[in-house]
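Per the numbering used here: the sequence shown ends with 292, consecutive numbering throughout.
A virtual CB, placed ideally from N, CA and C, is assigned to each residue, including glycine.
These numbers come from a predicted model, not from an experiment.
Quick notes on the structure that follows.
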Amino acid sequence: MDLSSPNSFRRQVAGAAMIVMPPVFVLAELLHARFQTEAAKQLTAVADNTGRWYAAHALIFLALALAVPAFLGLVHLLGRGRAALGHLSLVAFVPGLIAIAAIVGMELVLWQMAQPSANRDQMVALAERINESAGVVPVFLVALLFPLAWLLIGIGLYRARTVPAWTAVLIALSQPIGFIGELAGGPKALAVLAQLVFALGLIPVGIRVLRQSDGDWEPDRLSVPMPATV
Numbered sequence: 063m064d065l066s067s068p069n070s071f072r073r074q075v076a077g078a079a080m081i082v083m084p085p086v087f088v089l090a091e092l093l094h095a096r097f098q099t100e101a102a103k104q105l106t107a108v109a110d111n112t113g114r115w116y117a118a119h120a121l122i123f124l125a126l127a128l129a130v131p132a133f134l135g136l137v138h139l140l141g142r143g144r145a146a147l148g149h150l151s152l153v154a155f156v157p158g159l160i161a162i163a164a165i166v167g168m169e170l171v172l173w174q175m176a177q178p179s180a181n182r183d184q185m186v187a188l189a190e191r192i193n194e195s196a197g198v199v200p201v202f203l204v205a206l207l208f209p210l211a212w213l214l215i216g217i218g219l220y221r222a223r224t225v226p227a228w229t230a231v232l233i234a235l236s237q238p239i240g241f242i243g244e245l246a247g248g249p250k251a252l253a254v255l256a257q258l259v260f261a262l263g264l265i266p267v268g269i270r271v272l273r274q275s276d277g278d279w280e281p282d283r284l285s286v287p288m289p290a291t292v
């Protein structure tokens with residue numbers, strides 16, 4: 063990785079994140095227990111393998127961290143022609159990412175709540191209070207901005223024609239479908255399939271970014287006139 067050029071460094075980090083992030087999401091979904099709306103069933107699912115639950119959420123945190131440079135790289139690919147759509151997607155992405163991280167943090171607590179040494183009745187009651195609390199509703203609503211951001215950036219890429227159309231479509235649709243399916247209590251296979259489709263769309267873009275020259279990555283850089291020397 064070239065550290066001497068800021069533009070080259072940003073391009074390589076963005077491209078690498080686009081390649082690494084999707085498989086991490088896939089692995090996290092494979093490890094993650096199926097979402098249960100009932101607190102008792104959810105704690106039972108977590109208790110079956112607390113280590114697996116912890117690993118799944120640690121991977122999600124890693125994927126969310128990688129999502130930042132990957133998403134910024136996609137916004138960069140939009141160029142000036144679709145700058146408004148890129149900025150709008152960022153407005154959705156940032157709060158959506160924070161809300162998703164908050165939800166992952168709340169779920170990670172179940173790792174300790176499901177331990178054999180914990181009082182199950184008390185832990186179930188605590189989980190029910192959290193699930194039924196009005197305070198968590200805004201967090202879940204804001205979290206919907208995360209898949210919306212990917213939908214918007216996918217639409218922008220499709221309209222800008224800076225990546226193959228099929229990759230833009232996969233990027234746009236995979237996260238909303240997977241997110242909504244999981245909230246609706248859909249099968250775990252749907253969540254895994256959505257992340258696989260996301261990987262099929264984003265990884266080729268990441269490879270393309272890594273293969274680009276710095277000139278192709280910054281085709282419309284503004285040239286700043288140097289002050290005249292006396």
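Complete beta strand (DSSP E) runs within the segment 200-255 (minimum length 3 residues, chain order): none
Cβ-Cβ separation, residue 185 to residue 264 (assumed contact under 8 Å), whole Å: On the sequence shown, position 202 is the one that residue 264 refers to. On the sequence shown, position 123 is the one that residue 185 refers to. Not a contact, Cβ separation roughly 38 Å.
Whole-angstrom distance between residue 150 and residue 190, CA atom to CA atom: Position 128 of the sequence shown, counted from the first residue, corresponds to residue 190. Position 88 of the sequence shown, counted from the first residue, corresponds to residue 150. Approximately 36 Å between the Cα atoms of the pair.
CB-CB length for residue 234 against residue 220, believed under 8 Å: As a first step, residue 234 is located in the sequence shown; it is residue number 172 there, counting from the start. As a first step, residue 220 is located in the sequence shown; it is residue number 158 there, counting from the start. Right, their Cβ atoms sit about 7 Å apart.
Residue 101 (DSSP reduced to helix, strand or coil): Numbered from 1 along the sequence shown, position 39 holds the residue referred to as residue 101. Helix, per DSSP.
Residue 18 to residue 217 span [Cα, whole Å]: For the chain, the structure presents residues 63 to 292; residue 18 sits outside this window and is missing.
Residue 167: first and last residue of the uninterrupted alpha helix (DSSP H) it sits in: Along the sequence shown, read from residue 1 onward, the residue named residue 167 stands at position 105. From DSSP, the alpha helix (DSSP H) with residue 167 extends over 145-175.
When 224, 157, 95, 78 are compared against residue 244, the one with the closest alpha-carbon: Looking up residue 244 in the sequence shown gives position 182. Here the closest residue by C-alpha is 95.
Terminal residues of the alpha helix (DSSP H) in which residue 77 lies: Along the sequence shown, read from residue 1 onward, the residue named residue 77 stands at position 15. Looking at the DSSP string, the run of the alpha helix (DSSP H) that includes residue 77 is 68-93.
Presumed contact (8 Å Cβ cut-off) between residue 161 and residue 201, rounded CB distance: Locating residue 161 in the sequence shown gives position 99, counting from the first residue. Locating residue 201 in the sequence shown gives position 139, counting from the first residue. Yes, residue 161 and residue 201 are in contact; Cβ-Cβ is about 5 Å, under 8 Å.
Among 74, 72, 153, 81, nearest to residue 258 - alpha-carbon criterion: Counting from one through the sequence shown, the residue named residue 258 turns up at place 196. Nearest C-alpha to residue 258: 81.
Residue 121 versus residue 229: straight-line alpha-carbon distance, rounded: For the purposes of this step, residue 121 is taken as residue 59 along the sequence shown, with counting starting at 1. For the purposes of this step, residue 229 is taken as residue 167 along the sequence shown, with counting starting at 1. In a straight line, the C-alpha of residue 121 is about 24 Å away from that of residue 229.
Element boundaries [alpha helix (DSSP H), containing residue 110]: On the sequence shown, residue 110 is found 48 positions in, with the first residue counted as 1. Careful: residue 110 lies outside any alpha helix (DSSP H) and carries neither H nor E.
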